[in-house]
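Quick note on this note's numbering: the sequence shown kicks off at 112 and runs consecutively. Ideal Cβ positions, reconstructed from N, Cα and C, are used throughout, including at glycine. See below for the structure under consideration.
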Amino acid sequence: MKFLTSYLQPGETVMYRARIHLFIFAQPLIILILGYYFWHSSAGLNHYLGLTLLFLGLVSLIQRLCIKLGSIFAVTNLRLIFKTGIIGRKTRDLILLKIEGLWITQSIIGRICNYGTIVVSTGGVTNTYTYVASPMRFKREVDICIEGRYNREA
């Protein structure tokens, strides 16, 4: 949160902050469970398969933990702020009035668990962000902020 407050411009306020959904950890956990099962099942090839799966699951878990901790998706009264990364940082600012389109994609599991992919286009550039929790609320907040900006300028 310190990054976000230090990144705001004068007069800019955060209207909504989206988070990465916990479903991002489903795949590493499944790999870890399978690895544990094969590691304990019997000696021989299954044992080494289990060790390999445990290693891959652990690496995937650490990677996704870094994604969860290092991602900020915020809607302010002036722009959208997308920041990813902990050590290497990618930051994208999209001015609300320049947004051409905002799409939400949700699978069946995404609809059930309330997460999805947000695709934002502006000026011919498309930005995609996955595993965003409550993507429809994010879109609604963007629409409210854009509508508020248009009403103030009219």
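DSSP places G196 in no alpha helix (DSSP H); its state is neither H nor E. Contact check for I192 against Y127 fails: the beta carbons are separated by 8 Å or more. Burial is judged here by how many other beta carbons sit within 10 angstroms of a residue's own beta carbon; R190 has at least 16 and is buried. Per DSSP, T163 is one residue of the alpha helix (DSSP H) stretching across L156 to L180.
For L145, the enclosing alpha helix (DSSP H) stretches over residues A137 to S152. Comparing alpha-carbon positions, the option among G168, Q120, Q217 and F184 lying closest to N238 turns out to be F184. Taking a C-beta distance under 8 Å as the contact criterion, E252 and T233 do not qualify as a contact pair. Counting only residues of its own chain and dropping the five nearest sequence neighbours on each side, E123 has a CB closer than 7 Å to the CB of T187, N188 and L189. The beta carbons of V243 and I229 sit closer together than 8 Å. In its chain, beyond the 5 residues on either side, I183 and K194 have a beta carbon closer than 7 Å to the beta carbon of F114. Out of T216, I220, V236 and G235, the CA that lies nearest to the CA of M247 is found in T216.
Taking a C-beta distance under 8 Å as the contact criterion, G235 and G227 do not qualify as a contact pair. Taking C-beta atoms as the reference points, L160 and F149 count as a pair closer than 8 Å. Contact between R175 and F136 is confirmed by a C-beta separation of about 6 Å, below the 8 Å threshold.
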